[in-house]
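In the numbering used here, the protein residues as written are 10 to 225.
We put the beta carbon where it would ideally sit given N, CA and C, even for glycine.
The structure displayed is predicted, hence computed values, not measured ones.
Step one of this worksheet: look at the structure below.
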């Protein structure tokens with residue numbers, strides 16, 4: 010009787026959908042950890058346990074993969090954030106209280122998706138071709154459109170700063186404070202609660218330069 014060595018179990022064949030999910034998940038992690046320039050399709054393939062050939066059968070370029078792994082999910086998150094805040098807004102809520110709540114939630118949102126946002130920011134700065142659709146983030150555009158309309162309704166015919174600029178500058182201020190929090194606010198300078206309140210108050214008072222936000 011001849012002993013035979015056990016044969017390794019044959020791996021279950023993956024469906025195209027499963028392969029795509031693995032690639033997108035691995036790509037998202039790789040781009041978040043190493044940025045667009047530092048990420049490679051070889052590293053993504055190793056993370057996903059697929060071949061580079063399988064990646065390029067799904068995506069024509071690394072830029073296309075970046076847009077699907079980072080840009081599209083972020084766009085979806087922004088759209089959900091915007092829709093949720095529209096649903097939660099009430100006419101009875103004092104304007105300043107509403108603004109504080111909105112900016113607090115915006116800080117939470119940015120913190121939750123900081124890696125994804127940083128990947129998009131870095132790609133836009135250093136690899137413009139990868140993030141050429143950054144201006145088409147529908148959720149973010151909806152946020153800007155709503156903010157512009159609200160500000161325009163509170164300002165005169167000649168505001169100090171055009172509402173469409175003010176809403177973007179305000180967003181950028183909150184984004185910078187959240188994304189670079191560890192650098193801007195060293196340990197011991199203030200509590201997290203105080204920092205969050207300062208960001209909200211500064212943003213609201215800056216917006217008030219165009220038209221007072223009542224309801225203190």
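Local conformation of residue 254 per DSSP, three classes
Since the displayed the chain opens at 10 and closes at 225, residue 254 lies outside it and no answer follows.
Candidates 200, 191, 196 and 160: closest to residue 215 by CA position:
160
Status (buried if at least 16 other CB within 10 Å, exposed otherwise) for residue 93:
exposed
How many Å lie between residue 147 and residue 86 at the Cα?
10 Å
Is the Cβ-Cβ distance between residue 125 and residue 82 less than 9 Å?
Contact check for residue 125 against residue 82 passes: the beta carbons are separated by less than 9 Å.
Nearest residue (CA-CA) to residue 48, options 30, 131 and 207
131
Quick check: the Cα distance between residue 59 and residue 28, rounded to an integer number of angstroms?
8 Å
Report the option in 116, 175, 189 and 178 whose CA atom is closest to the CA atom of residue 202.
116
Can you grab the Cα-Cα spacing for the pair residue 56 / residue 162, in whole Å?
Here the alpha carbons of residue 162 and residue 56 stand approximately 50 Å from one another.
Where does residue 195 sit, in a helix, a strand or coil, going by DSSP?
coil
Assign residue 205 to one of three DSSP states: helix, strand, or coil.
Helix, per DSSP.
Using the Cβ count rule (16 or more neighbours within 10 Å means buried), how would you classify residue 181?
exposed
Residues near residue 136 in its chain [Cβ-Cβ closer than 7 Å; skip 5 each side]
Counting only Cβ-Cβ distances below 7 Å, and skipping sequence neighbours, we find 45 and 46.
Leaving out the 5 sequence neighbours to the left and right, which residues in its chain are closer than 7 Å to residue 176 when beta-carbon positions are compared?
Excluding residues within five positions, the ones whose Cβ falls inside 7 Å are 153, 156, 157 and 160.
Going by alpha carbons, who is nearest to residue 207 out of 23, 38, 113 and 72?
113
So, with DSSP's three-state summary, where would you put residue 178?
helix
CA-to-CA distance, residue 79 to residue 107, given in whole angstroms
30 Å
In the region 26–80, which residue ranges form an unbroken alpha helix (DSSP H) of at least 4 residues, counting only runs that do not cross its ends?
50–57, 61–67 and 71–75
Whole-angstrom distance between residue 43 and residue 191, CA atom to CA atom
Rounded to the nearest angstrom, the two C-alpha atoms are 19 Å apart.
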